[in-house]
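Student: Questions regarding the structure given below will be posed in turn.
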Amino acid sequence: MPEPILKISVTCPHCALESLAELPIALIANALLIGKAIRLYSRCHNHYWTATFAEREQLRKSLAALRIESYANHAQVFSVACESPVSF
Ligand SMILES: [Zn+2]
Numbered sequence: 040m041p042e043p044i045l046k047i048s049v050t051c052p053h054c055a056l057e058s059l060a061e062l063p064i065a066l067i068a069n070a071l072l073i074g075k076a077i078r079l080y081s082r083c084h085n086h087y088w089t090a091t092f093a094e095r096e097q098l099r100k101s102l103a104a105l106r107i108e109s110y111a112n113h114a115q116v117f118s119v120a121c122e123s124p125v126s127f
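In case it helps, our numbering puts the sequence shown at residues 40 to 127.
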């Protein structure tokens, strides 16, 4: 099974060009939890850098949004499961 990936937009520190970075969700969650540095990458300058405070906050929000989405899916499954045993 492929590792779940989060796509985030990052701004290149060299030219301010926005690009899409892909990071494993487990890596982001772990780094945010233990306060480890997160490495970001911009393709235009082939450049790696450590995520700033603002970028970490952006990642945190993206992860929180993901969690809401998965709860919503569970809720949907749950409501379907509740309806099915009712038979007349
Ligand atoms: Zn660049």
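Even glycine gets a Cβ: it sits at the ideal position worked out from N, Cα and C.
Using the beta-carbon of each residue, find all residues closer than 7 Å to any heavy atom of ligand 1 and list them in chain order.
Tutor: After applying the 7 Å Cβ criterion, the set is C51, H53, C54, L56, S81, C83, H84 and H86.
Student: Give the straight-line distance between the Cα atoms of E61 and I77, rounded to the nearest whole angstrom.
Tutor: Approximately 12 Å between the Cα atoms of the pair.
Student: Closer than 6 Å by C-beta to E42: which residues in its own chain qualify, once you throw out the five before and the five after it? Chain order, please.
Tutor: Within the same chain, E42 has close Cβ partners P63.
Student: If you count every other CB in all the chains shown that lies within 10 Å of the CB of S81, and 16 or more means buried, which is it?
Tutor: Buried: at least 16 other Cβ atoms inside 10 Å.
Student: Just reading off the alpha helix (DSSP H) that I73 is part of, what are its end residues?
Tutor: Where I73 is concerned, the enclosing alpha helix (DSSP H) stretches over I64 to I73.
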